[in-house]
Ligand code: MTE
């Protein structure tokens, strides 16, 4: 019998099961089915997804106060978005990113200080990395709202291993797509396009760092960053760059888009930290999207609840200065 030991950061099964089962009907896309293995469809998916992922998270963890991590309803997570390439309103991307923007086929380039540079078709990359797993993670935006999302995808560490960084590689620079003809926001100087993000190499190889190719048991919708989107659950949501076309391994720390736009407000690290306020608002609490009028606020946790897992990455670093 195969027994899987639960990781200490995993959220409880009760949070994930209903959504995953409910989502089994909507699988259309070749990429996702292929990644899960041939022949899966419709109602067969939920058990198959379990098999493919090695099972859903199975028990609450002491790092999480009981009862405060209900999965965000899928319709909210996929219609309340930040994706400035498709407008600055929360409800812009769901419309504008689905008006003919093509996210398949899609190629991602691995470049820089690595032994194996090259371009990968996303489907081939997923197959090469061994398929799709599930992670239920808290998602905390720097704007002080939060969700809990069941992502599907693969650990970023697997992609890093494939690239084989040289000793000179210390950081990853992620670059999003740049296509003003499809993305109306990129026809305006809202941000310095394309959107760029960065991680330290040791952050990127931490077991929590994840590349999402799906959510709620389905391919990731365009508005959430199809077909490849970074998920770093202990950091503010803006680190989770959407629709990545290039990952460059660098010796020097890259400048990310929001740091470039407003360095006094947004830094490189962007670790969730309730004790360091944004210059214009408090970060001590967060509005739970879908949480309702009375239960909709909750205290923000250090490193978004993942302190036990990631604090060691920042030993000796002044988190107030390195915000
Ligand atoms: N990635 C790109 N390419 N463009 C963006 O505007 N917004 C970021 C991040 N990734 C953004 C992006 C911000 S501010 C947040 S909070 C999250 O995406 C939002 O992800 P969600 O819409 O899936 O909740």
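In my numbering, the protein residues as written are 711 to 1033.
Yeah, the Cβ is synthetic: ideal placement off N, Cα and C, and Gly gets one too.
What you are looking at is a predicted structure, and each value in this text was computed from that prediction instead of being measured.
Residue i burial status per 10 Å Cβ neighbour count (16 or more: buried)
{"i": "residue 939", "result": "buried"}
{"i": "residue 1030", "result": "exposed"}
{"i": "residue 857", "result": "buried"}
{"i": "residue 764", "result": "Because residue 764 sits at a pLDDT of 30, beneath the cut-off of 50, its placement in the model cannot be relied upon, and the following sentence gives the value as read from the coordinates. Classification of residue 764: exposed, given that the 10 Å Cβ count is below 16."}
{"i": "residue 916", "result": "buried"}
{"i": "residue 739", "result": "Low local confidence applies: a pLDDT of 47 at residue 739 is under 50, so the model's placement there is unreliable, with the coordinate-based value given in what follows. By the 10 Å Cβ count, residue 739 comes out buried."}
{"i": "residue 912", "result": "exposed"}
{"i": "residue 721", "result": "buried"}
{"i": "residue 970", "result": "exposed"}
{"i": "residue 996", "result": "buried"}
{"i": "residue 918", "result": "buried"}
{"i": "residue 833", "result": "buried"}
{"i": "residue 1034", "result": "In the structure as shown, the chain begins at 711 and stops at 1033. Residue 1034 is therefore absent and cannot be evaluated."}
{"i": "residue 785", "result": "exposed"}
{"i": "residue 914", "result": "buried"}
{"i": "residue 1032", "result": "exposed"}
{"i": "residue 967", "result": "buried"}
{"i": "residue 937", "result": "buried"}
Span separating the alpha-carbon of residue i from that of residue j
{"i": "residue 829", "j": "residue 836", "result": "13 Å"}
{"i": "residue 1060", "j": "residue 885", "result": "Residue 1060 falls outside the range modelled here, since the chain spans only 711 to 1033, and no answer is possible."}
{"i": "residue 883", "j": "residue 934", "result": "20 Å"}
{"i": "residue 820", "j": "residue 1002", "result": "43 Å"}
{"i": "residue 972", "j": "residue 814", "result": "33 Å"}
{"i": "residue 955", "j": "residue 1012", "result": "31 Å"}
{"i": "residue 807", "j": "residue 932", "result": "6 Å"}
{"i": "residue 961", "j": "residue 846", "result": "32 Å"}
{"i": "residue 992", "j": "residue 1010", "result": "10 Å"}
{"i": "residue 876", "j": "residue 822", "result": "9 Å"}
{"i": "residue 994", "j": "residue 848", "result": "16 Å"}
{"i": "residue 791", "j": "residue 805", "result": "11 Å"}
{"i": "residue 844", "j": "residue 921", "result": "11 Å"}
{"i": "residue 793", "j": "residue 868", "result": "26 Å"}
{"i": "residue 945", "j": "residue 800", "result": "20 Å"}
{"i": "residue 855", "j": "residue 1007", "result": "9 Å"}
{"i": "residue 924", "j": "residue 788", "result": "12 Å"}
{"i": "residue 965", "j": "residue 1015", "result": "26 Å"}
{"i": "residue 716", "j": "residue 897", "result": "46 Å"}
{"i": "residue 901", "j": "residue 976", "result": "14 Å"}
Residue i: CB within 8 Å of a non-hydrogen atom of the ligand MTE
{"i": "residue 793", "result": "yes"}
{"i": "residue 853", "result": "yes"}
{"i": "residue 933", "result": "yes"}
{"i": "residue 972", "result": "no"}
{"i": "residue 946", "result": "yes"}
{"i": "residue 965", "result": "no"}
{"i": "residue 1015", "result": "no"}
{"i": "residue 988", "result": "no"}
{"i": "residue 790", "result": "yes"}
{"i": "residue 1033", "result": "no"}
{"i": "residue 872", "result": "no"}
{"i": "residue 882", "result": "no"}
{"i": "residue 957", "result": "no"}
{"i": "residue 890", "result": "no"}
{"i": "residue 950", "result": "yes"}
{"i": "residue 926", "result": "no"}
{"i": "residue 787", "result": "yes"}
{"i": "residue 886", "result": "yes"}
{"i": "residue 848", "result": "no"}
{"i": "residue 997", "result": "no"}
{"i": "residue 979", "result": "no"}
{"i": "residue 845", "result": "no"}
{"i": "residue 803", "result": "yes"}
Span of the alpha helix (DSSP H) around residue i
{"i": "residue 786", "result": "784–787"}
{"i": "residue 802", "result": "802–806"}
Residue i - containing beta strand (DSSP E), residue span
{"i": "residue 820", "result": "817–822"}
{"i": "residue 922", "result": "920–925"}
{"i": "residue 883", "result": "881–886"}
{"i": "residue 907", "result": "906–910"}
{"i": "residue 831", "result": "828–831"}
heavy atom of the ligand PLP below 8 Å from residue i C-beta
{"i": "residue 992", "result": "Among the ligands in the structure shown, the ligand PLP does not appear; only the ligand MTE can be found there."}
**Message:** My parser needs the beta strand (DSSP E) runs of 3 or more residues fully inside the segment 844–877; what are they?
**Reply:** Along the length of the segment 844–877, whole beta strand (DSSP E) runs at least 3 residues long occupy 855–865, reported in chain order.
**Item:** Inside the segment 939–968 only - beta strand (DSSP E) runs reaching at least 3 residues
**Value:** You should have 939–941 and 954–960.
**Message:** Suppose only complete runs of 3+ residues qualify. What are the beta strand (DSSP E) ranges in the segment 958–1032, listed by chain order?
**Reply:** As far as the segment 958–1032 is concerned, its whole beta strand (DSSP E) runs of at least 3 residues are 995–998 and 1007–1009.
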